[in-house]
Amino acid sequence: MTKKISYYIFNIVTAFAVTMFFSCKNNFKEVQQIGVLQNEPIGVAENMNLKYTDSGRLKANLLSPKMLDFSNRGFSYNEFPDGVILNLYDELNKKSIIVADYAIVYNGTDLIDLRGNVRITTETKDTIFAQQLFYDQKRDWVFSNKPVKYVSPTKVVTGNAFDSNRDFTSYGISEVTSTVYLEEDTSQ
Numbered sequence: 032m033t034k035k036i037s038y039y040i041f042n043i044v045t046a047f048a049v050t051m052f053f054s055c056k057n058n059f060k061e062v063q064q065i066g067v068l069q070n071e072p073i074g075v076a077e078n079m080n081l082k083y084t085d086s087g088r089l090k091a092n093l094l095s096p097k098m099l100d101f102s103n104r105g106f107s108y109n110e111f112p113d114g115v116i117l118n119l120y121d122e123l124n125k126k127s128i129i130v131a132d133y134a135i136v137y138n139g140t141d142l143i144d145l146r147g148n149v150r151i152t153t154e155t156k157d158t159i160f161a162q163q164l165f166y167d168q169k170r171d172w173v174f175s176n177k178p179v180k181y182v183s184p185t186k187v188v189t190g191n192a193f194d195s196n197r198d199f200t201s202y203g204i205s206e207v208t209s210t211v212y213l214e215e216d217t218s219q
C-alpha cells in the first residue's frame, strides 16, 4: 500500500514539474528591463559637444547642456530638453548657426526636430525665425511647415512654410503672407 502511495506521489510531483517546465518562457528582455522604468532614459549626458565629420571635414557641431538617451525604445531617439546650438559648416567652412529651446534627434531617420524660438543665422547675416524646424541629416535639408519669418539686410518676408539646403544658399518660403522691403542706409 505504501508503495502504491509513493507511486502516486511520484507521478503527481513529475506531472507538476513537467507542467512548470513547459509553462516557463524566455523573457530575458523583460528581465533586462527590471529597474528601468519604461519612460526613463537609459542614459543622461551633460555639456554635450557632438561633432559630425564626413571625409575628414567638419560638417556639423551640436552643443547642448543636457541630453537624454532613449535608445532603449523601439523607435530610439535622443532628447535635448534644455535646448541646442547646431553649427552647420559648408564646403568653404562658412558657418550657419541654428539655436532652439528644445530638440529631438531620431536615430533611425537621422532627423532633428528643433522646437521653440528656433533661430537660424547664416554666414551672410540673414536670419530665419520659426517655432519648429526640421533638419534632415541624410539629405542635408532644412524645412518647416510652420509659420516662419526671414530677415535679410534688404527685406523681411513671412510665410507658412520654409525649406532650404543646409548652406542656406538655396531656400524657399511658401505661402508668403507679407514682404517688407527695407530702405538702404545711404548716409555712409
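So for the sequence shown, the numbering used here puts the first residue at 32; every next one is plus one.
Just so you know, even glycine gets a beta-carbon here, dropped at the ideal spot from N, CA and C.
On a predicted model such as this, the values are computed, not experimentally measured, just so you know.
Contact check, residue i vs residue j under 8 Å by CB: the rounded distance?
i      : j      : result
Ser95  : Asn138 : 16 Å between Cβ atoms; not a contact.
Leu145 : Ile159 : Incorrect: roughly 11 Å between the Cβ atoms, too far for contact.
Gly114 : Ala131 : 6 Å
Lys172 : Asp198 : Contrary to the premise, residue 172 reads as Trp rather than Lys in this sequence. Their Cβ separation, rounded to whole angstroms, is 11 Å, which puts Trp172 and Asp198 out of contact at 8 Å.
Ile143 : Gln168 : 7 Å
Met79  : Leu89  : The Cβ separation is near 16 Å, so there is no contact.
Quick check: residue i and residue j, are their CB atoms within less than 7 Å of each other?
i      : j      : result
Arg208 : Thr185 : Going by the sequence as given, residue 208 is Thr instead of Arg. No; because the gap between Cβ atoms is not below 7 Å, this pair is not in contact.
Gly147 : Tyr166 : no
Val149 : Leu164 : yes
Ser175 : Ala161 : yes
Asn191 : Pro178 : yes
Ile135 : Glu154 : no
Using the rule of at least 16 other Cβ atoms within 10 Å of the residue's Cβ for burial, across every protein chain shown, is residue i buried or exposed?
i      : result
Ser127 : buried
Tyr181 : buried
Leu117 : buried
Ile36  : exposed
Leu213 : exposed
Ser204 : Here residue 204 is Ile; the residue named in the question, Ser, does not match the sequence. So Ile204 ends up on the buried side.
Which residue's Cα is closest to the Cα of residue i: the options?
i      : options                           : result
Asp141 : Thr210, Ser107, Gly87 and Tyr202  : Ser107
Thr84  : Thr200, Thr155, Asn124 and Pro178 : Asn124
Tyr120 : Asn191, Lys82 and Gly74           : Lys82
Leu74  : Asp194, Met98 and Thr155          : Note that residue 74 is Gly in the sequence shown, not Leu. When only C-alpha atoms are compared, the closest one is Met98.
Asp100 : Asn80, Ala91, Ala76 and Glu122    : Ala76
Ser201 : Lys90, Asp157 and Asn78           : Asp157
Ser86  : Glu71, Glu122 and Glu206          : Glu122
- prompt: In chain order, which continuous runs of the beta strand (DSSP E) of length 3 or greater are located wholly inside the region 87 to 111?
  reply: Qualifying beta strand (DSSP E) stretches, in chain order: 88 to 101 and 108 to 111.
Alpha helix (DSSP H) runs wholly inside the region 131 to 189, at least 4 long, in chain order: List check, alpha helix (DSSP H) in window: nothing returned.
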